[in-house]
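Report on the structure given below.
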Amino acid sequence: MTTPAPAGRKPRSPLFRFFFVHEIDEYPQGVKRTAYLGLAVLATIVLYYTYFTQTGVTPQILQYFHMSFAYYVAIVVVSNLLGAFASLPASKTDQLGRSNVVIYGLLIVGLLVAVGVPACTTEMEFFIVISLLGVVEGAILVATPALVRDFSPQLGRASAMGFWTVGPVAGSLITSVVATNTINYFLRHHGVSGWKWQFVISGVTALVVGVVSLFFLKDLSYRLRDQLMVTEQDRALVEARARGISVEEVAQATAHPWRQILKWELVGSAVGISLFLLVYYAASGFFTIFWATVYRHPSGLNLTTSDANYLNTWFWAADAVALIVFGILSDKLRVRKPLMLVGSCSAIVVLILFLHQTDHPTTSFSTLILLEVLLAASLSLTYAPWMAGYTELVESKNPALVGTGLALWAWILRLVVGLSFIFLPVVINSVNPVVDNLVYAQTPPNGNAPFNVQAFQLAHPKSVAFAEANASWLKVLTSPQNIPIVNAANKAPTPANLAALQKAVGPAVYAKVIANITTLQKDIAPYQTQLIYLSAHQSQLTDLLNGVAKSSDQWQRWFWVCVGGMILFIPTIFLIQGRWSPARAREDEERHNAEVAEELRELQEAHAA
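The sequence shown runs 1026 to 1634 under this note's numbering.
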């Protein structure tokens, strides 16, 4: 059902209403309300899937565009900052409706990702497309939780917001799952540009969900949207109130939105959670690189992109499940702050254990998975109740301005994250030499080396050590014009062949050959191709090894910064309203139910009169 046109305004055409009017005048119940909630959450998941697609193939992006890590981080920073400022005008969804922002945002995102990114041939073009993606993401970040709020009463709020916050987490999870199972296939069949198919997949998904949303996603009418919902028993009361709300009264309630919302407790709470989530955004943006540069298999080989995405999958899956579970728990207990306090303290302890594990680069997958699952659960135990508590705090100021309150949160969140990432390449400068030179050490589809460099170095340390120590005269032997002569002398050391060898390489080098003939025949000649490759790329491989050696300490420093953010968050917990005691919270609910029944009775009597 659509909202009738206000008196004096020309009725909209059916085509206009189909594309731009998605309102209902009655508060949905049961399956219908669940369906609207589910579609809002699905839109959020798909949005973040497209937004985080790049994180699953970051090494390939850097290699394809010959892009430095600092430049890549600059793209992330600009995208976040643009998203922050895009969230401010998106607060107008209180008047314009959230559905249009979500529907057309998804369609724009789908085109940018499915068409725009694959068409990029330079790093600047990629910069522009990802920045535009950040703008749209910033707007939808405000609209989707507001939709969730519209279709969730307060006492089910933590559950509903837990489902909404699953959106970003599930988006990252899907990115990791898809990349783990498809990236190698596309790289093998499409070469260095194979990573672009990850964007095609996510972009087409966004377009499909955008079209589905165009047909089925709905908004509460402005008459219903601005009323504070506490339980589903309030539905009749809300609709009764809505019958008497005029456009002028709504306009008066929102005449000075920022004056009502820009309060220190809202700002402080938003800043606090932004600092708390520094590790979450490091995980969403850079964990693929973190796993691949810090950790190694017991054989000594660094983790591959597929290995990294496999570990990411555990983190995001645990985060998604925990958000829902702890959201439901918060609603059952009817409290927010105790869970936030326990979750933040737990997150600090687990993150400290997690960061110290980087001192052990061959840590088993089972240990890493246990730690990351505990970290994800602790983050969720804090964030799901916080999200519910924050929207309730906004509603205590003015229930008509939830969109504005969420815009404030989104702006601060993106601003804090964007500014923090400016310092990330300063703290972690080892990524550049690792990512830039990893291509010289890995075989296709992840690199261009004709053999696995790390495996060879581990299997033949004596050959590598001898080649490095005697590189000056071995280069003479491996020069293109001398290789046939050297091979002939090695296969048939006749006086003629040895004389030809001495003439070609000179007396000094010839003397070295005779002195080390056994080592040359046993450890060098059989691996001539591999050692020539190592010699030709020695500077790149040395930079790679140096970068890997520094990675552990540098990532540790950044995780300590994240611990500091968590500690600073704890005092802001007390800014959230609500009880600490579940028993007192239950008493408040019973009192509220009595007030609702009384007000509804009075309204019904007034209408009857």
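Heads up, the beta-carbon is just placed ideally off N, CA and C, and yes, glycines get one too. None of the values given here were measured: they were computed from a predicted structure.
The alpha carbon of W1583 has as its nearest neighbour, out of W1605, F1311 and L1040, the alpha carbon of F1311. P1450 and N1105 have their C-alpha atoms spaced approximately 16 Å apart. Remark: three or more beta-carbon pairs, one from each stretch, lie closer than 8 Å, so the region 1130-1139 and the region 1064-1081 are flagged as touching. Counting C-beta pairs with one atom in each stretch, the region 1382-1390 and the region 1571-1580 have three or more that are closer than 8 Å, which means they touch. I1155 has its alpha-carbon roughly 39 Å from the corresponding atom of G1055. Distance check between A1295 and each of L1600, V1459 and P1363 places L1600 closest, using alpha-carbon atoms only.
DSSP links R1321 through a beta bridge to N1327.
Counting the other Cβ atoms within 10 Å of the Cβ of S1497 gives fewer than 16, which makes it exposed.
Ranking K1057, Q1565 and H1322 by CA distance to the CA of F1176 puts K1057 first. Per DSSP, the unbroken alpha helix (DSSP H) holding R1058 starts and ends at G1055 to Y1076. A direct Cα-to-Cα measurement between V1319 and Q1467 gives close to 16 Å. Contact annotation: the region 1335-1350 does not touch the region 1221-1237, with fewer than three C-beta pairs closer than 8 Å.
Contact holds between the region 1587-1598 and the region 1297-1307, because three or more Cβ pairs, one in each stretch, are under 8 Å apart.
Taking C-alpha positions only, E1148 is separated from V1360 by approximately 48 Å. Taking a C-beta distance under 8 Å as the contact criterion, A1347 and A1435 do not qualify as a contact pair.
In this chain, the alpha helix (DSSP H) harbouring A1494 covers P1486 to A1494. Relative to the Cα of E1417, the nearest Cα in the group A1171, L1166 and G1141 belongs to A1171. The region 1233-1242 makes no contact with the region 1150-1166; the number of CB pairs closer than 8 Å stays below 3. Put simply, of A1308, E1051 and T1429 the residue whose alpha carbon is nearest the alpha carbon of R1284 is T1429. As far as DSSP is concerned, D1344 takes part in no beta bridge.
Annotation: A1343 to V1398 spans about 6 Å, alpha carbon to alpha carbon.
Around the beta carbon of H1047, a 10 Å sphere encloses 16 or more other beta carbons of the protein chains shown; the residue is thus reported as buried. In this chain, the alpha helix (DSSP H) harbouring K1528 covers P1520 to V1530. Between S1405 and F1351, the C-beta gap is smaller than 8 Å, which places the two residues in contact. Distance between V1456 and V1573, taken at the CA atoms: about 8 Å. Between the C-alpha atoms of P1607 and V1071 there is a straight-line separation of about 36 Å. For I1510, the closest alpha carbon among the candidates K1422, V1530, F1491 and E1630 is that of V1530. With respect to the C-alpha of A1204, the residue from I1086, L1287 and N1334 having the closest C-alpha is N1334. For Y1089, the enclosing alpha helix (DSSP H) starts and ends at T1083 to F1090. Between the C-alpha atoms of Y1097 and V1459 there is a straight-line separation of about 14 Å. In the three-state reduction of the DSSP assignment, I1049 falls in the strand class. Spatial neighbours of I1394 in its own chain (CB-CB distance under 8 Å, excluding positions within 5 residues in sequence) are listed in chain order as L1336 and W1339. The C-beta of E1420 has 16 or more other C-beta atoms within 10 Å across all chains shown, which makes the residue buried.
The beta carbon of W1411 sits closer than 6 Å to the beta carbons of I1298 and M1365 from its chain, once the five residues preceding and following it are set aside; these are given in chain order. The continuous alpha helix (DSSP H) containing P1410 extends over residues F1390 to K1422. Judged by beta-carbon spacing, S1238 lies within the 8 Å limit of L1064, meaning their Cβ atoms are closer than that value.
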